Amino acid sequence: MRLSPDEIQFISRRIVKTLVAAERLEVDDERRVIEGIARVIVDDLSVEDRLNEEAREVLAQHMTHMERSDITYSEMFKKVKRELAKKKGIVL
23 MRLSPDEIQF ISRRIVKTLV AAERLEVDDE RRVIEGIARV IVDDLSVEDR
73 LNEEAREVLA QHMTHMERSD ITYSEMFKKV KRELAKKKGI VL
């Protein structure tokens, strides 16, 4: 995951505070809303983490082919990840 729990909490608080200040959001329990937003962020980042792991597994299975081709691991990783995301309907 690219963000620490503290960063996720900060972002979540900032979203709620900004929307409340702009009168775009009314909340009865600000803490509950912040925790809900944090959960959504964590869930979304977890989806990408799982996608990265799946891309690594695919590349491990095709390592011999990659060694014979003129493509770097990072280039192939990005390509495989994009294809997996497209196949699964995940927006990166």
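Per our numbering, residue 23 is the first one in the sequence shown, and the count goes up by one each step.
Glycine included, each C-beta is placed from N, C-alpha and C at the ideal position.
Please read all numbers here as calculations on a predicted model, not as lab measurements.
Contact between the region 101-113 and the region 64-78 is established, with three or more Cβ pairs separated by less than 8 Å. DSSP places residue 84 in no alpha helix (DSSP H); its state is neither H nor E. If you compare the alpha carbons of 94, 89, 44, 101 with that of residue 74, the shortest gap goes to 101. The region 25-44 and the region 56-66 touch, with three or more beta-carbon pairs separated by less than 8 Å.
When only Cα atoms are considered, residue 43 and residue 36 end up about 10 Å apart. For residue 26, the closest of 48, 49, 64 by C-alpha to C-alpha distance is 64.
Remark: C-beta atoms of residue 81 and residue 99 approach each other more closely than 9 Å.
For residue 30, the uninterrupted alpha helix (DSSP H) run begins and ends at 27-43, by DSSP. Residue 95 and residue 79 have their alpha carbons spaced roughly 12 Å apart.
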